[in-house]
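These notes concern the structure reproduced below.
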Amino acid sequence: MLLPQPLTRGRIVQRYKRFFCDLVLDDGREITAHCPNSGAMLGVNLPGQGAWVSYSDDPKRKLAWTLQLVEAAGPDGTGLVGINTLLPNKLVAEALVGGVIPELTGYASIRPEVKYAAASRVDFLLTDPDRPPCWLEVKNVHLSRSPGLAEFPDCKAARSTRHLEDLAAQVREGHRAVALFVVQREDCEEFKACRELDPAFARGLDVAAEAGVEVMVWACAMSTQEIRITRPIAWRP
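Okay, here's the thing in structure tokens:
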């Protein structure tokens with residue numbers, strides 16, 4: 004998936020009120036950018052950390068700039084981290100159409116944002132006349148506190164825990180269900196649920212997997228021009 008071009012580099016001053024981030028661009032301009040991420044953004048919100056923003060001249064927007072990428076922090080951190088939580092569904096849609104994820108190929112129909120359960124919308128419903136429907140939930144991952152290890156979530160994630168319960172219910176109905184974690188960074192080889200920050204979600208992921216929900220984790224190739232889902236990484240229960 005191509006990113007808005009050109010991206011402009013700067014450094015984070017502060018991230019605040021969830022959706023605002025002040026930056027100083029490399030040319031000295033001070034800006035406030037929209038931050039499309041409602042999580043804690045641990046490790047990717049540090050003052051002085053390098054970041055990349057896109058610009059829009061749409062007069063209807065309150066903020067012209069959008070934070071897209073942050074440069075990984077710490078002595079072992081390398082490369083870029085995607086913080087825009089609106090992108091993983093687009094990345095997955097592209098990967099499904101392109102047949103990038105072998106386990107999710109062969110379906111005749113791919114429908115986004117389908118209502119199910121009591122009050123949820125699944126990110127994708129994959130259907131085919133010759134196989135059970137597949138309910139696919141997508142989660143964005145940017146947290147990495149240890150070299151090579153990606154984690155989710157980075158704060159309490161009650162809604163995501165409910166999604167796991169909804170997926171498990173579909174399995175009990177004889178359907179297929181998948182929790183797909185999209186790691187928007189290149190420096191991770193393993194993934195685990197962050198029990199320290201949200202033990203309820205970690206337990207929920209274990210229970211969902213035991214119920215038959217398939218847990219898949221795919222990492223991305225990252226650049227300031229493009230992000231693509233490229234390779235699976237191991238889930239560490």
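Throughout the sequence shown, residue numbering follows our numbering, covering 4 to 240 in sequence. Beta carbons are placed, not taken as given, at the ideal position from N, Cα and C, and that holds for glycine. From a predicted model like this one, the values you see are computed outputs, not experimental measurements.
Spatially closest choice to residue i from the options, by CA coordinates
| i | options | result |
| --- | --- | --- |
| residue 196 | 53, 207, 115 and 187 | 207 |
| residue 134 | 126, 111 and 221 | 111 |
| residue 225 | 156, 50, 204 and 145 | 145 |
| residue 290 | 44, 109 and 85 | The first residue shown for the chain is 4 and the last is 240, placing residue 290 beyond what the model contains. |
| residue 130 | 165, 108, 52 and 212 | 108 |
| residue 173 | 87, 205, 212 and 20 | 212 |
| residue 238 | 214, 232 and 192 | 192 |
| residue 162 | 48, 124 and 176 | 124 |
Alpha carbon of residue i to alpha carbon of residue j, nearest angstrom
| i | j | result |
| --- | --- | --- |
| residue 236 | residue 183 | 11 angstroms |
| residue 219 | residue 170 | 14 angstroms |
| residue 8 | residue 25 | 20 angstroms |
| residue 186 | residue 198 | 18 angstroms |
| residue 104 | residue 229 | 18 angstroms |
| residue 221 | residue 188 | 10 angstroms |
| residue 157 | residue 40 | 11 angstroms |
| residue 148 | residue 75 | 11 angstroms |
| residue 1 | residue 12 | There is simply no residue 1 to check, as the chain begins at 4 and stops at 240 in what is shown. |
| residue 29 | residue 10 | 12 angstroms |
| residue 121 | residue 167 | 13 angstroms |
| residue 151 | residue 194 | 9 angstroms |
| residue 55 | residue 18 | 14 angstroms |
| residue 58 | residue 94 | 21 angstroms |
| residue 46 | residue 62 | 32 angstroms |
| residue 231 | residue 101 | 11 angstroms |
Proximity of residue i and residue j at Cβ, strictly below 7 angstroms
| i | j | result |
| --- | --- | --- |
| residue 72 | residue 83 | yes |
| residue 16 | residue 92 | no |
| residue 136 | residue 178 | yes |
| residue 180 | residue 216 | yes |
Item to complete: Tell me, please, whether the segment 62 to 71 touches the segment 29 to 39 by the rule of three or more beta-carbon pairs shorter than 8 angstroms.
Response: yes
Worksheet entry | Inside the segment 33 to 78 only - beta strand (DSSP E) runs reaching at least 3 residues | 33 to 37, 53 to 58 and 68 to 74
Worksheet item: Which runs of the beta strand (DSSP E) fall wholly inside the segment 137 to 182 and span at least 3 residues, in chain order?
Response: 146 to 149 and 151 to 155
Discussion item. Extract the residue ranges of the beta strand (DSSP E) inside the segment 100 to 129, only unbroken runs of 3 or more that lie entirely within it.
Written reply: 112 to 119
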